[in-house]
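Number of protein chains: 2
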Amino acid sequence: MAEIRIAFDAMGGDYAPAEIVKGAVEAANNNPDVKMILVGDQDAIKNELTGLTYNKDQVTIKHASEVITCEEAPVAAVRSKKDSSLVVAAKMLKTGEADAMISAGSTGAVLVGGQLMAGKIRGIKRAPLATMFPNVKGASLLLDCGANVDARPEHLVQFAKMGTIYLEHVVGVKNPKVGLVNIGVEEEKGNALVKETYPLLKETEGINFGGYVEARDVFDGEFDIILAEAFVGNVILKEAEGLANTIVKLLKQGLMSNLRSKMGAALAMPAIKETLKVFDASEYGGAPLLGLNGLVVKMHGNSTAKEVQAAVRQCINFKEQGINDKIREQFKK
Amino acid sequence: MAEIRIAFDAMGGDYAPAEIVKGAVEAANNNPDVKMILVGDQDAIKNELTGLTYNKDQVTIKHASEVITCEEAPVAAVRSKKDSSLVVAAKMLKTGEADAMISAGSTGAVLVGGQLMAGKIRGIKRAPLATMFPNVKGASLLLDCGANVDARPEHLVQFAKMGTIYLEHVVGVKNPKVGLVNIGVEEEKGNALVKETYPLLKETEGINFGGYVEARDVFDGEFDIILAEAFVGNVILKEAEGLANTIVKLLKQGLMSNLRSKMGAALAMPAIKETLKVFDASEYGGAPLLGLNGLVVKMHGNSTAKEVQAAVRQCINFKEQGINDKIREQFKK
Numbered sequence: 001m002a003e004i005r006i007a008f009d010a011m012g013g014d015y016a017p018a019e020i021v022k023g024a025v026e027a028a029n030n031n032p033d034v035k036m037i038l039v040g041d042q043d044a045i046k047n048e049l050t051g052l053t054y055n056k057d058q059v060t061i062k063h064a065s066e067v068i069t070c071e072e073a074p075v076a077a078v079r080s081k082k083d084s085s086l087v088v089a090a091k092m093l094k095t096g097e098a099d100a101m102i103s104a105g106s107t108g109a110v111l112v113g114g115q116l117m118a119g120k121i122r123g124i125k126r127a128p129l130a131t132m133f134p135n136v137k138g139a140s141l142l143l144d145c146g147a148n149v150d151a152r153p154e155h156l157v158q159f160a161k162m163g164t165i166y167l168e169h170v171v172g173v174k175n176p177k178v179g180l181v182n183i184g185v186e187e188e189k190g191n192a193l194v195k196e197t198y199p200l201l202k203e204t205e206g207i208n209f210g211g212y213v214e215a216r217d218v219f220d221g222e223f224d225i226i227l228a229e230a231f232v233g234n235v236i237l238k239e240a241e242g243l244a245n246t247i248v249k250l251l252k253q254g255l256m257s258n259l260r261s262k263m264g265a266a267l268a269m270p271a272i273k274e275t276l277k278v279f280d281a282s283e284y285g286g287a288p289l290l291g292l293n294g295l296v297v298k299m300h301g302n303s304t305a306k307e308v309q310a311a312v313r314q315c316i317n318f319k320e321q322g323i324n325d326k327i328r329e330q331f332k333k
Numbered sequence: 334m335a336e337i338r339i340a341f342d343a344m345g346g347d348y349a350p351a352e353i354v355k356g357a358v359e360a361a362n363n364n365p366d367v368k369m370i371l372v373g374d375q376d377a378i379k380n381e382l383t384g385l386t387y388n389k390d391q392v393t394i395k396h397a398s399e400v401i402t403c404e405e406a407p408v409a410a411v412r413s414k415k416d417s418s419l420v421v422a423a424k425m426l427k428t429g430e431a432d433a434m435i436s437a438g439s440t441g442a443v444l445v446g447g448q449l450m451a452g453k454i455r456g457i458k459r460a461p462l463a464t465m466f467p468n469v470k471g472a473s474l475l476l477d478c479g480a481n482v483d484a485r486p487e488h489l490v491q492f493a494k495m496g497t498i499y500l501e502h503v504v505g506v507k508n509p510k511v512g513l514v515n516i517g518v519e520e521e522k523g524n525a526l527v528k529e530t531y532p533l534l535k536e537t538e539g540i541n542f543g544g545y546v547e548a549r550d551v552f553d554g555e556f557d558i559i560l561a562e563a564f565v566g567n568v569i570l571k572e573a574e575g576l577a578n579t580i581v582k583l584l585k586q587g588l589m590s591n592l593r594s595k596m597g598a599a600l601a602m603p604a605i606k607e608t609l610k611v612f613d614a615s616e617y618g619g620a621p622l623l624g625l626n627g628l629v630v631k632m633h634g635n636s637t638a639k640e641v642q643a644a645v646r647q648c649i650n651f652k653e654q655g656i657n658d659k660i661r662e663q664f665k666k
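Residue numbers (my numbering), protein chains in the order written: chain A, 1 to 333; chain B, 334 to 666.
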């Protein structure tokens with residue numbers, strides 16, 4: 001296996017640097033061929049490394065003096081904080097010092113930093129944020145779930161092509177079926193964007209376009225790729241999260257309403273919790289930003305060492321499968 | 334109380350004309366001052382009326398020879414089928430022969446028929462479809478949930494004003510708080526539409542604008558009005574429906590996975606069903622299309638006599654509260 005180098009924004013996230021450093025070290029110990037570069041305040045990182053056991057060739061520190069917080073406006077922060085952990089890590093993708101980067105920092109800053117600092121693959125106009133989205137059969141790939149609002153039809157077509165490559169080779173779904181989110185399934189339904197995108201997708205080679213999908217059906221698992229403009233994709237992602245949490249809360253209240261259901265709840269609650277766990281995004285190792293030089297993986301802000309490990313696995317697959325070479329191949333045509 | 338006349342598209346819906354006629358008759362018997370006009374094939378309607386007891390002054394038939402089906406393209410159908418039950422009923426709003434109309438027919442045709450045939454109140458540019466949308470505290474008003482894709486900022490402002498009047502006077506929510514759906518809550522977040530709409534809403538008099546709301550938070554009841562462009566509003570509505578159904582299905586499977594949870598499920602299932610009933614839209618009496626001459630109420634295709642009665646109650650409130658006069662008053666300024 002070729003060497004894989006992963007840059008960590010060690011300062012981004014609710015539990016940074018402790019959990020990021022811990023997760024990186026655990027992943028290094030589990031994957032002897034992978035090099036972890038911890039980017040951020042060197043004293044803070046050294047402090048977290050104290051007491052951990054790891055191969056020193058595999059885990060190194062790259063000092064960065066600044067941190068971008070979630071409160072900062074992303075574009076301004078990325079432009080002004082040139083020595084922030086996030087910007088320094090993203091730049092390592094452009095220079096080729098790293099193959100992938102992982103951040104649990106401000107979503108906006110990761111998106112902006114990824115696009116501006118890592119740079120896009122030649123021919124790619126916008127880099128979409130993709131995420132595994134639960135359905136009754138497992139999960140589908142939802143993209144763009146937040147990176148490029150007001151995208152144009154040709155952007156969505158590129159997203160479908162990149163999503164197909166990613167899903168086939170990183171996740172292992174053969175000939176994934178693409179559904180374009182719309183408010184009806186008939187060809188004449190929808191807004192200007194989807195009506196213009198539909199015929200383009202129909203004639204795009206290398207994807208398996210299955211037509212429109214309504215938001216009520218995204219949980220059926222009929223489509224492997226749920227394709228949407230970023231505003232809509234983000235609404236779909238966040239609504240599922242919000243509703244799943246709300247239903248759990250309502251169930252708990254409802255089940256406590258009388259003795260009979262209280263007893264039932266005590267017996268059934270483990271199964272209820274297990275069932276609703278499919279809506280827990282932390283299982284999927286973060287959301288990849290596709291079409292960049294290298295891979296940017298955005299993790300939830302509340303990520304711990306466990307999620308860092310899942311994100312590392314994703315980076316390894318991405319590199320081993322040569323996803324970016326495959327994307328370049330597609331977009332050369 | 335002033336006389337109220339309600340026109341029914343007696344031929345629209347999965348259970349038309351039987352359930353529509355039955356619901357109209359029951360509503361007539363419960364509301365002696367309301368006149369019901371059953372629009373559609375007179376033989377079919379007479380047949381359904383046979384055996385029902387009602388005041389003949391209160392329930393009349395207006396013959397219409399055609400029916401618009403859900404399979405037809407809405408605009409073409411509304412334009413070509415001038416003697417369809419839906420078009421004839423909608424025209425009665427324009428001529429003043431009816432104060433409100435109720436249809437369980439094709440959503441697209443009801444939206445088009447309402448806007449084209451009933452006509453808009455002077456000053457109203459687009460007529461949004463509104464619906465009561467469940468949250469943990471009860472329900473909020475979601476609009477536009479499907480009528481006008483690619484709307485402009487000034488349309489959304491009009492929707493907020495009309496939604497405020499409707500919610501205050503039909504539903505009885507004092508000074509309802511308006512949230513504009515966005516993919517973040519910071520003022521600089523979002524697409525071009527919401528960024529242009531935000532400052533307009535801020536300076537609009539007569540509404541209580543509370544800022545942005547993310548899709549994950551629409552269920553917590555902080556906002557009384559969930560304002561969105563129709564594509565996004567429709568996605569929000571349908572995703573909630575789809576996810577609620579999916580979770581029920583998953584829970585049933587999950588709860589059957591072992592004996593302990595099977596026993597628990599048997600005890601807890603009534604409470605679970607009761608809890609999830611808040612996501613059953615049939616309780617709310619259909620979705621009003623606001624800003625037209627008279628009120629158009631769109632019911633679910635699978636509506637029965639029970640839902641017809643709830644829709645009638647909504648029409649009565651709408652008329653008694655003089656909603657359209659209040660809208661005219663607002664838009665005169």
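We treat Cβ as the ideally placed atom computed from N, Cα and C, and that holds for glycine.
Measuring CB to CB, does B/A540 end up less than 7 Å from B/T497? Within the second sequence, numbered from 1, the residue matching residue 540 of chain B stands at position 207. Within the second sequence, numbered from 1, the residue matching residue 497 of chain B stands at position 164. Note that residue 540 of chain B corresponds to Ile in the displayed sequence, not to Ala. Cβ distance < 7 Å, so B/I540 and B/T497 count as in contact.
List, in order along the chain, the chain A residues whose C-beta lies closer than 7 Å to that of B/T579? Position 246 of the second sequence, counting from 1, holds the residue named residue 579 of chain B. Those within 7 Å of B/T579 in chain A are V136 and F219.
Give the residues of chain A in contact with B/K582, contact being defined as C-beta atoms less than 8 Å apart. As a working mapping, residue 582 of chain B is identified with position 249 in the second sequence. Neighbours of B/K582 on chain A, chain order: V136.
Residue ranges of each alpha helix (DSSP H) within the stretch 104-167 of chain A, 4 or longer: 107-113 and 153-166
Could you tell me whether the stretch 417-426 of chain B touches the stretch 623-636 of chain B, where touching means 3 or more Cβ pairs closer than 8 Å? yes
Pick out the complete beta strand (DSSP E) segments inside the stretch 552-608 of chain B, 3 residues or longer, and give them in chain order. 558-560
In chain order, what residues of the stretch 230-241 of chain A put their CB closer than 7 Å to some CB of chain B? F231, V232, N234, V235, I236, K238, E239, A240 and E241
Reference A/L167; option with closest CA among A/E3, A/A287 and A/A28: Here residue 167 of chain A refers to the residue found at position 167 of the first sequence. When each option's Cα is compared against that of A/L167, the closest is A/A287.
With 9 Å as the limit, tell me which residues of the stretch 177-193 of chain A have their beta carbon closer than that to any beta carbon of chain B; keep them in chain order. V181, N182, I183, G184, E186, E188, K189, G190, N191, A192 and L193
Using a Cβ-Cβ distance under 7 Å, would B/T439 count as near chain A? As a position in the second sequence, residue 439 of chain B is number 106, starting the count at 1. The sequence given here has Ser at residue 439 of chain B, not Thr. By this cut-off, B/S439 is not an interface position.
Cβ-based neighbour list, B/A460, same chain, cut-off 7 Å, excluding 5 preceding and 5 following: Indexing the second sequence from 1 puts residue 460 of chain B at position 127. Answer for B/A460: G447, Q448, K453, A480, L622, L623, G624 and L625, listed in chain order.
Please state if the CB of A/E26 and the CB of A/T304 are separated by a distance shorter than 7 Å. Mapped onto the first sequence, residue 304 of chain A falls at position 304. Mapped onto the first sequence, residue 26 of chain A falls at position 26. Their beta carbons are not under 7 Å apart, which means A/T304 does not touch A/E26 by this criterion.
Which residue marks the beginning of the alpha helix (DSSP H) containing A/L92, and which one marks its end? One-based indexing of the first sequence puts residue 92 of chain A at position 92. Note on identity: in this sequence residue 92 of chain A is Met, with Leu being the wrong assignment. First-last of the alpha helix (DSSP H) with A/M92: S85 to T95.
Positions along the stretch 261-295 of chain A whose CB lies within less than 8 Å of some CB in chain B: S261, M263, G264, A265, A266, L267, A268, M269, P270, A271, I272, E274, T275, L276 and V278
Under a Cβ-count criterion, where at least 16 other Cβ atoms within 10 Å of its own Cβ denotes burial, should B/R549 be classed as buried or exposed? Within the second sequence, residue 549 of chain B is the residue found at index 216, counting from 1. Buried, by the Cβ-count rule.
Determine the direct distance from the alpha carbon of B/I649 to that of B/E399, and round the result to whole angstroms. Indexing the second sequence from 1 puts residue 399 of chain B at position 66. Indexing the second sequence from 1 puts residue 649 of chain B at position 316. Going by the C-alpha atoms only, they are around 28 Å apart.
Output, in chain order, the set of chain B residues within a Cβ distance shorter than 8 Å of A/L255. Start at 1 with the first residue of the first sequence, and residue 255 of chain A comes out as number 255. By Cβ distance, chain B contributes A601, A604, I605 and T608.
Cutoff 8 Å; reference B/A431; Cβ partners in own chain excluding five residues on either side: Residue mapping note: residue 431 of chain B aligns to position 98 of the second sequence, counting from 1. Result list for B/A431: R338, I339, A340, I370, A422, M425 and G627, in chain order.
Could you tell me whether any Cβ in chain B is nearer than 7 Å to the Cβ of A/E72? Here residue 72 of chain A refers to the residue found at position 72 when the first sequence is read from its first residue. No, no contact with chain B.
Given that a residue counts as buried once 16 or more other Cβ atoms are within 10 Å of its Cβ, and exposed if not, what is A/V110? Position 110 of the first sequence, counted from the first residue, corresponds to residue 110 of chain A. By the 10 Å Cβ count, A/V110 comes out buried.
Taking 7 Å as the cut-off, decide whether the C-beta atoms of A/I225 and A/L141 are in contact. Sequence index remark: in the first sequence, residue 225 of chain A carries index 225 (1-based). Sequence index remark: in the first sequence, residue 141 of chain A carries index 141 (1-based). Yes, these two residues count as a Cβ contact at 7 Å.
Selected residue, minimal CA-CA separation from A/L180, among A/E205, A/P153 and A/V170: As a working mapping, residue 180 of chain A is identified with position 180 in the first sequence. Of the listed residues, the one whose Cα sits closest to A/L180 is A/P153.
Determine which residues share a DSSP beta bridge with B/M369 and list them. Here residue 369 of chain B refers to the residue found at position 36 when the second sequence is read from its first residue. Answer is B/I339 and B/V392.
Out of A/V78, A/G254 and A/M101, state which residue places its alpha-carbon closest to the alpha-carbon of B/V469. Residue 469 of chain B sits at position 136 when you count from the first residue of the second sequence. Residue A/G254 is the option with its Cα nearest to B/V469.
Chain-ordered neighbours of A/A215 on chain B, where CB pairs are closer than 7 Å: Start at 1 with the first residue of the first sequence, and residue 215 of chain A comes out as number 215. The contacting residues are V568, K571, E572 and G575.
Where B/D374 meets chain A, residues with beta-carbon distance less than 7 Å: Looking up residue 374 of chain B in the second sequence gives position 41. What B/D374 touches in chain A: nothing, since even the nearest Cβ is about 26 Å away.
Contact residues within the stretch 471-505 of chain B, judged by C-beta distance below 8 Å to chain A: G479, V482 and D483
Which value, in whole angstroms, describes the spacing of the CA atoms of B/A437 and A/K326? On the second sequence, position 104 is the one that residue 437 of chain B refers to. On the first sequence, position 326 is the one that residue 326 of chain A refers to. Going by the C-alpha atoms only, they are around 50 Å apart.
When burial is assigned at 16 or more other CB atoms within 10 Å of the CB, is B/A525 buried or exposed? Against the second sequence, residue 525 of chain B aligns to sequence position 192. Flag for B/A525 reads exposed.
Please report the distance separating the alpha-carbon of A/L243 from that of B/K355. As a working note, residue 243 of chain A is residue 243 in the first sequence. As a working note, residue 355 of chain B is residue 22 in the second sequence. Near 36 Å, if we compare the C-alpha coordinates of B/K355 and A/L243.
Just to confirm my understanding: we take B/K595, look at its own chain, exclude 5 residues before and 5 after, and list those with CB closer than 6 Å. What are they? By 1-based counting over the second sequence, the position of residue 595 of chain B is 262. Within the same chain, B/K595 has close Cβ partners M589.
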